[in-house]
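Visitor:
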Amino acid sequence: MVRARRIWVTATALLAVAGASPGVAVAHSQPAAALGVLEQNGGTPLPPGWRLAGGGPAPQLVWRSGRAVPMGDARVEFRAGGRLLGVPRPGTDGRTFRLPLDGRRATRLHGLEVWSGGRRLDVPDAAGAASAARLPAALPANGVDPGKPGSYRTRTGEYSLKSVRLPGFSAPVEMRAVVVAPIGASGKRPLALFLHGRHYTCYKGQDITGDWPCKAGTKPVPSHRGYLRDQRLLASQGYMTVSISANGVNGQDFAAEDGGAQARSSLVRLHLARWADWAEHPRSAPKVVREAPRADLSRVLLVGHSRGGEGVNRAALDSITPPPAEQDGYRGPVRWHIRGTVLIGPTVFGQNPVPDVPSMTILPGCDGDVSDLQGEVYVDGTRVVGNGTALHSAVYVIGANHNFFNSEWTPGRAAAPADDDFFDDPQHHDPVCGKRAATRLTADQQHRAGSTYIAAAARLFLAGDDRVRPLLDGSGKRAPSADPARVLSHAVGARRGSGFLPDAGVSVTGGKLCAAVDPSPAKACLGTGAKGASPHFAQWETDRETGRSAIAVRWKRAGTPARVTPAKPVSLSGAKALALRLFVPPNSRAAELDVSLTDASGKKAKLGRIKPAGLPGSERTASYWAQEIRVPLTATGRAGLDLRAVKSLELTPRSASGRAWLMDAWGWRPGTPAVRTDALPRVDIGRTTVDEGDSGVRTYRVPVQVTGRSGSGQVRVYVIDPATGKARDRLVTVRPGGQDIDVPVEVKGNTRYGTDVSYDVLVKAVRGAVVGSYRGGITVHDDDPAPTMTVTPVAGEVTEGRTLKWRVSLSEAVDVDMGALFQVAPATAPELSTKDVPAGWLRDTTGEKPDPERPLSKVTGFYLWADIPAGRTSAEITLPTVKDRVRESTESVLFREVDPRTGEPRTGGLELSGSVLNAS
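According to the numbering used here, the sequence shown is numbered sequentially starting from 426.
(1) Just to confirm, is the Cβ distance from Gln687 to Gln776 under 7 Å?
(2) Whose C-beta lies closer than 8 Å to the C-beta of Ser1120 among residues of the same chain, with five residues either side of it excluded?
(3) I'd like to check one pair, Pro1078 with Ala977: are the Cβ atoms closer than 7 Å?
(4) Quick check on DSSP: helix, strand or coil for Asp632?
(5) Measuring only the C-alpha atoms, how far is Gln871 from Asp792?
(6) Which value, in whole angstroms, describes the spacing of the CA atoms of Thr1327 and Arg514?
(7) With a CB to CB cut of under 8 Å and the five nearest residues on each side skipped, what residues in its chain are close to Arg545?
(8) Enumerated in chain order, which unbroken segments of the alpha helix (DSSP H) with a length of 4 residues or greater are wholly contained in the stretch 1247-1272?
(9) Could you tell me how far apart the beta carbons of Val1239 and Ala1295 are, in whole angstroms, since I believe they sit closer than 8 Å?
(10) Alpha carbon to alpha carbon, what distance is there between Leu695 and Gly1163?
(11) Near Arg650, which residues of its chain fall below 6 Å by C-beta distance, leaving aside the five closest residues on each side in sequence?
(12) Please list, in chain order, all residues of the same chain as Tyr577 whose beta carbon is under 8 Å from its beta carbon, the five residues on each side excluded.
(13) Kindly indicate which three-state DSSP category Trp700 falls into: helix, strand or coil?
(14) Alpha carbons only, please: which of Ser585, Pro789, Pro1147 and Trp700 is nearest the one belonging to Lys613?
(15) If you run the structure through DSSP and keep just helix, strand and coil, what is Val713?
(16) Just grab the DSSP bridge partners of Glu1316 for me.
(17) Between the stretch 771-787 and the stretch 667-684, are three or more C-beta pairs nearer than 8 Å?
(18) Hey, would you say Glu1322 sits closer than 7 Å to Ala1245, going by beta carbons?
(19) Measure the CB-CB distance between Gly1193 and Arg1107 and report whether it falls below 7 Å.
(20) From this set, Phe1320, Leu1342 and Ser1013, which residue's C-alpha is nearest Thr1332's C-alpha?
(21) The beta strand (DSSP E) that contains Ala577, what's its start and end?
(22) Classify Phe594 as helix, strand or coil using the three-state DSSP reduction.
(23) Report the residue from Ala1104, Asp1116 and Thr1124 whose alpha carbon sits nearest the alpha carbon of Gly1136.
(24) Assign Lys1308 to one of three DSSP states: helix, strand, or coil.
(25) Identify every residue that forms a DSSP beta bridge with Arg1107.
(26) For Ser1340, which residues in the same chain have their Cβ closer than 6 Å to its Cβ, ignoring the five residues on either side in sequence?
(27) What does the alpha-carbon distance come out to for the pair Glu464 and Arg476?
(28) If you measure between the beta carbons of Val1131 and Ile1110, is that distance less than 7 Å?
(29) DSSP has Ser541 in a bridge; who is on the other side?
(30) How about Leu1235 and Pro1212: are their beta carbons less than 7 Å apart?
(31) Give the DSSP-derived three-state secondary structure of Asp855 in the structure shown.
(32) With Ala1015 and Pro1037 assumed to form a contact (beta carbons below 8 Å), what rounded beta-carbon distance in angstroms separates them?
(33) Does DSSP classify Ser1026 as helix, strand or coil?
(34) For Phe886, which residues in the same chain have their Cβ closer than 7 Å to its Cβ, ignoring the five residues on either side in sequence?
(35) What do you get for Ser744, buried or exposed, if any count of 16 or more other CB atoms within 10 angstroms of its CB means buried?
(36) Would you report the Cα separation of Asn567 and Asp869, rounded to the nearest angstrom?
Here is the structure:
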């Protein structure tokens, strides 16, 4: 028996029960990670807001949010039992999300959750604490303030070139940009290129969409003009600047397995290629470029916001080692040198930062979009991967949200509708990020701080001015131009030497080596009871990860040391201080810990006492973030300790109780070394779709390319079981041109209509290698013909008070659930009305009330749905009626089969028609 129920859909985002011809039930498939085809049986309903839809090779799991989910940069993810099911496609209503469940059958879905940027969307936000958060004290001013405007006046203009085609996208992508240039600057000038993130694409008045291309009567959202303040500051200091538009990527990246990173990289490099042409042939340049100083393409800074951050990170990688040609939209030579990247609230879906290109990542403390602050991976994920000469900095901006770094995403400044991405519940104001919180920055304060630190990165990475380094590398200095923002920093790389890392070879006593990502609270670093999240522990696509760890210390009395002993003694020779990246719980008062070192001969030196305090935080922020604390090494000389062979590090609590997490500790000395950019072996995983076949067993291999000039490196390969969703991993040594990553997939053919299956593979760099396309696999397409679907009236004409019934039948049983969706349509008058069906049933099915009385065809969102379980050939659809005392003519009702590709009734499709006779 199939219950009629309300289906939360919009016309352009319906279930994927498609048909090649009327009456034939087939489905459109698309690669996605899933546990399998699931049926709602045993009388156990899915959680509120969830439902199953569709059948055949791509049945769908559908969730509808109680409030609109803004189009942003963080991916919406469906999870079950803590494991990633996949990334659903959003509907145009901004509330409905649907995920094709290609995979093997499983019994049920358990523990369904919706996440985005580390925040759950399917439960109410946690109420904020009653007490207000406290800001940390202002840091001492740095000797050089990069936020001060320079001496040059500026000129602004735009260019628009012919649109380009990018692999995987059906519509062309615009080549449009705004340029801000210095006036009167001599010689070639360094170039800063800005790339905005994923945002709405088109608007008209207060209506806004994610369409591409924009429909007639609507205009493109000018997201690329949102960094004019940053551009003008840089141009006044002598830099050429360009901010490029990427609406064409934003409107199509929902179908990209990497979230659009490769497409954004291609777009960036297509613009850089034009700038290289114009530098060589100035007369061919657009007017605004022709009238500006010539750009120096040997000194390029890429600035990316949100998904734009991941895009420019990929562009930096692709400029060193090119991606597979079939994935790339740029095929020409590299005539530029990326000296550094600035990543603002970035995504990092692949967790594949470029290790040997300097970077600065801005982490907004009140980010309501990429709220897990996963951009921290651009720092943590580079450790020991490359040669270590590049500085990788993270700056944590307390009170900053995601959107206000772009004025075109800021209410009151944007041409199109815009909002504050940090939703503040009016009944429970967040104590840190609520609009009234003392710790929250205004839009102007936030953008000014962003401009200042972008300029700091430009000055360090492009101009080589080491005087601004203390703003970025954890030296504890501030830029007065960013006041009153509190901006903290830490870093890895540059002049940090050997260190203590929480890797597999380390031994810990008095504490524990904890897992950054693990479903077991006993193994996870934060576990249960944490009030908020940690950027260091942002989850990837697996429910656990090998090699991502920290050192957790918990004490209930002073004096018990936690000792960290690496597999081999480390050398701190030449270092001036020990730089620890360590955090304590948010809002906690300063803990006190003594820091000591012991060398291989047993000599011990107490370096000093540190007093780390918690950042302002709430349950909705990612404030478990490590601050950099430096302890001078002068005491080692007095103790006669041999810095060439340091055996262990000790942290001894001196406060009565507390908790702390150590991310790492390094030998540090000042300065910025020359960066050595190595072309490391590069790994790209591809995806192949194969037909199942009718018989026999065939073996296919996941397509993998390893490119580069020479050398070898190590990556960790994760193979996802399509039946369970669990991942198996192994460490693999790769070499350019080698076949070191070998993942065979056996495919058994049959002649029974069934389910598409995706065998997914993920890869992450470990040492001496880089990763481009991190995700791929084999998708096995079931190529057997679908059964024919028919509708037969069981009780197509009834007296009022009885139930209309129809039987939906298949020509043969198949191995998957099948289904069909029918939408109410105008019928022959007089029609059945809202008073002719039970009021409770109408409410449960459509969410509508019977009053005012109206024909059923006027009820919005009224669908009837048939589920035919695997192995069965039919199911019934019912529509109950009520008996009244009104004498009336025979009334009729009609439902028409919906074509999911258009959201409209299918021409010549199946119909449910019925008549209700008067009982009086």
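Glycine included, every Cβ here is placed at the ideal spot set by N, Cα and C.
Guide: So, to answer that:
(1) Contact flag unset, no.
(2) Gly1174, Asn1175 and Thr1176
(3) no
(4) strand
(5) 12 Å
(6) Straight-line Cα distance between these residues: approximately 15 Å.
(7) Glu538 and Val539
(8) 1264-1271
(9) 7 Å
(10) 30 Å
(11) Val603 and Glu833
(12) Pro607, Ile608, Gly609, Ala610, Ala660, Ser661, Gln662 and Gly663
(13) Helix at Trp700.
(14) Trp700 is the residue among Ser585, Pro789, Pro1147 and Trp700 whose C-alpha sits nearest the C-alpha of Lys613.
(15) It is helical.
(16) Val1341
(17) Yes: the two stretches touch, three or more of their Cβ pairs being nearer than 8 Å.
(18) yes
(19) no
(20) Phe1320
(21) Looking at the sequence shown, residue 577 is not Ala but Tyr. Membership of Tyr577 in any beta strand (DSSP E) is not indicated, and neither H nor E is assigned to it by DSSP.
(22) coil
(23) Looking from the CA of Gly1136, the closest CA among Ala1104, Asp1116 and Thr1124 belongs to Ala1104.
(24) coil
(25) Thr1132 and Val1195
(26) Glu1222, Thr1315 and Ser1317
(27) Confidence is the limiting factor: at Glu464 the pLDDT is only 37, short of 50, which leaves the residue's position unreliable, though a coordinate-based value still follows. Computed Cα separation, rounded: 10 Å.
(28) no
(29) Val501 and Arg544.
(30) yes
(31) Looking at Asp855 - three-state DSSP - the assignment turns out to be coil, as it is neither helix nor strand.
(32) With a Cβ gap of about 6 Å, Ala1015 and Pro1037 count as contacting.
(33) coil
(34) Leu726, Arg764, Gly765 and Pro783
(35) By the neighbour-count rule (16 or more Cβ atoms within 10 Å), Ser744 is buried.
(36) 22 Å
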